[in-house]
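In the UniProt record's numbering, the protein residues as written are 1 to 420.
Positions of the beta carbon are idealized from the N, C-alpha and C atoms, including for glycine.
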Amino acid sequence: MHHRDRTIFLIDGQSFYASVEKAAHPEYRDKPVAVGDPERKSGIILAACPIAKSKGVTTAERVFEARAKCPDLVVIRPRMQRYITISLLITEIFESFTDQVEPYSIDEQFLDVTGAIAEYGSAEEIARKIQRHVKLATGVWSRVGIGPSKVLAKMATDNFSKKRPEGIFRLGNENIETELWPLPINQMFMVGNRMTQHFMCMGLPTIGDIARMPLADFKRRMRLRMGKQSDIQAEYYWQTARGIDPSPVESSIRGALKSVSHGKTLRASLYRKSEDIEVVLLELVVEVCRRARRLGYQGRVVSVGAGETDGERRSGFNRQVTLPQSTSLTHEVAAAAHRIFAEFWQGMPVSHLYVSLTQLTDDSTYQLTLFDDRTAAYSLERATDSIKDRYGSGAIMRGSSLLAAGVAKERSEQIGGHYK
Numbered sequence: 001m002h003h004r005d006r007t008i009f010l011i012d013g014q015s016f017y018a019s020v021e022k023a024a025h026p027e028y029r030d031k032p033v034a035v036g037d038p039e040r041k042s043g044i045i046l047a048a049c050p051i052a053k054s055k056g057v058t059t060a061e062r063v064f065e066a067r068a069k070c071p072d073l074v075v076i077r078p079r080m081q082r083y084i085t086i087s088l089l090i091t092e093i094f095e096s097f098t099d100q101v102e103p104y105s106i107d108e109q110f111l112d113v114t115g116a117i118a119e120y121g122s123a124e125e126i127a128r129k130i131q132r133h134v135k136l137a138t139g140v141w142s143r144v145g146i147g148p149s150k151v152l153a154k155m156a157t158d159n160f161s162k163k164r165p166e167g168i169f170r171l172g173n174e175n176i177e178t179e180l181w182p183l184p185i186n187q188m189f190m191v192g193n194r195m196t197q198h199f200m201c202m203g204l205p206t207i208g209d210i211a212r213m214p215l216a217d218f219k220r221r222m223r224l225r226m227g228k229q230s231d232i233q234a235e236y237y238w239q240t241a242r243g244i245d246p247s248p249v250e251s252s253i254r255g256a257l258k259s260v261s262h263g264k265t266l267r268a269s270l271y272r273k274s275e276d277i278e279v280v281l282l283e284l285v286v287e288v289c290r291r292a293r294r295l296g297y298q299g300r301v302v303s304v305g306a307g308e309t310d311g312e313r314r315s316g317f318n319r320q321v322t323l324p325q326s327t328s329l330t331h332e333v334a335a336a337a338h339r340i341f342a343e344f345w346q347g348m349p350v351s352h353l354y355v356s357l358t359q360l361t362d363d364s365t366y367q368l369t370l371f372d373d374r375t376a377a378y379s380l381e382r383a384t385d386s387i388k389d390r391y392g393s394g395a396i397m398r399g400s401s402l403l404a405a406g407v408a409k410e411r412s413e414q415i416g417g418h419y420k
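Put into structure tokens, the structure is as follows:
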């Protein structure tokens, strides 16, 4: 089938986090609700419901700014595990219509419904059925962009579906010129502030200005503005403006794993001494090794990265070491990580710390050594993993993590830096 004959959806959950919270709190149905930390005035608003947005509340602004605009704003602390659970439930609903579902973010997913039209009716009918089903199951209102390609479905959602009461819009060859091309260039997918400035300086203020230009001419204009290396970029933007995107909707988008890593941003003022920094370094190693074992991998190259600052100067390093044998044992990776840190740390407070394991291989077999009982070590690590899997990562941890410098206890209560 030619990609122009496909029917693809990009489905977005309106004010996703806030919608989940309003569904959980019926008493807030008619009130302005935002998701953020109510205890931190300088905290960030992660999501705001339509009522809150109508009163000027925006995402990414500070809690105190939002409350100044909307004094009756209800601020609810985020529950990331709940949002992930609801997102997975929504994926299951989508999969009842098509097996081609590709998550794009926690609240956006691509669906290829080409094969479902014969069974469920037109694309618009399928969209309405999905909207009803998701709303009843989760309380989240879905906006659906429809197109023959992923990029057109995405731009249909962002620029049209979100602004329509019915939340559905189709963008295709029949209306791309009249609907999409007149829009300002910053509303084209993947065009941020920097590229907007470039295009405006090139005399290309609308999407149609790029789309109508022959590709060879556009490449010449891009070279004049951005140099000889811009040809690939030019082709990408030209194809995007014309809605050309042959990439399929893939239910599994993960290729072969190249690395297992973990990092942490720190308050540099608190991490000045090596003994405090090494507590966090060990916690990162523990988590990297646990993930590697869960995924069935061991690695031979250990990397450590750090950012340093004393408030005026900035520095950092990213160094690696190759081990004698592949491993996912905490004590072996930790020894290498500590050696790297001790050698390359310049002594300034640390603002960011990062550990990774690369050159991965299957861990079903591992090298035995003469002096260490690696079989017993792996058995102990896996027993610890099973306790954490069952009771949470805070159920068992190293004593050093209970020191003031430790962050593992706090992180065990969070997902992605936010509370579960």
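- Put simply, the region 322 to 333 touches the region 287 to 307. At least three CB pairs are less than 8 Å apart.
- Per DSSP, Asn186 is not a residue of any alpha helix (DSSP H), being assigned neither H nor E.
- Ile45 and Asp72 have their C-alpha atoms some 15 Å from each other.
- For the 7 Å CB-CB criterion, Arg313 and Phe344 do not form a contact.
- By the Cβ test, the region 13 to 30 is in contact with the region 73 to 87, since at least three Cβ pairs between them sit closer than 8 Å.
- Taking a 10 Å sphere around the C-beta of Glu287, we find 16 or more other C-beta atoms and assign the residue as buried.
- Unbroken alpha helix (DSSP H) stretches of 4 residues or longer found wholly inside the region 295 to 345: 330 to 344, given in chain order.
- For Thr358, the enclosing beta strand (DSSP E) starts and ends at 350 to 362.
- Of all C-beta pairs linking the region 58 to 72 to the region 91 to 105, fewer than three are shorter than 8 Å, placing the two stretches out of contact.
- With 16 or more neighbouring CB atoms inside 10 Å of its own CB, Leu266 falls in the buried class.
- Segment contact: the region 25 to 41 against the region 154 to 169, fewer than three CB-CB distances shorter than 8 Å; contact not assigned.
- Listed in chain order, the beta strand (DSSP E) elements of length 3 or more contained wholly in the region 215 to 276 are 259 to 265.
- No residue range can be given for Asp107, since it is assigned to no alpha helix (DSSP H) and is classified by DSSP as neither H nor E.
- With a cutoff of 7 Å on beta-carbon distance, Pro205 and Ile185 are scored as near each other.
- The alpha-carbon separation between Glu61 and Ile146 amounts to approximately 31 Å.
- Straight across, the Cα-Cα distance linking Phe189 with Glu95 is about 26 Å.
- With respect to Val144, Ser161 sits close: the two C-beta atoms are nearer than 7 Å.
- Gly243 is the residue among Glu65, Leu353, Gly243 whose C-alpha sits nearest the C-alpha of Glu174.
- If you look at Ser142, you'll find it in the beta strand (DSSP E) that goes 142 to 147.
- Bounds of any alpha helix (DSSP H) do not take in Ile44, whose DSSP letter is neither H nor E.
- By a beta-carbon distance limit of 8 Å, Asp12 does not contact Lys150. Their separation comes to about 13 Å.
- Here Pro182 is exposed: its Cβ has fewer than 16 other Cβ atoms, across all protein chains shown, within 10 Å.
- Cβ atoms of Ser251 and Glu102 come within 8 Å of each other, at about 6 Å.
- The DSSP-derived three-state label of Leu171 is coil.
- Under the three-state reduction of DSSP output, Asp72 falls in the coil class, being neither helix nor strand.
- According to the DSSP assignment, Ile176 belongs to no alpha helix (DSSP H), since it is labelled neither H nor E.
- In the displayed model, Asp209 falls within a helix according to three-state DSSP.
- Around the beta-carbon of Pro26, fewer than 16 other beta-carbon atoms lie within 10 Å, marking it exposed.
- Counted as a single uninterrupted DSSP element, the beta strand (DSSP E) harbouring Ala34 occupies residues 33 to 35.
- Distance from the Cα of Glu179 is smallest, within the candidate group Ala156, Gln197, Arg194, for Ala156.
- With respect to the C-alpha of Asp362, the residue from Val113, Trp141, Lys258 having the closest C-alpha is Lys258.
- Cβ-Cβ distances below 6 Å link Gly307 to Gly316, Ser351, His352 in the same chain, with the five nearest sequence neighbours on each side left out; the list follows chain order.
- The DSSP-derived three-state label of Gly56 is coil.
- A distance of 7 Å or more separates the beta carbons of Arg272 and Pro148.
- As far as DSSP is concerned, Leu136 takes part in no beta bridge.
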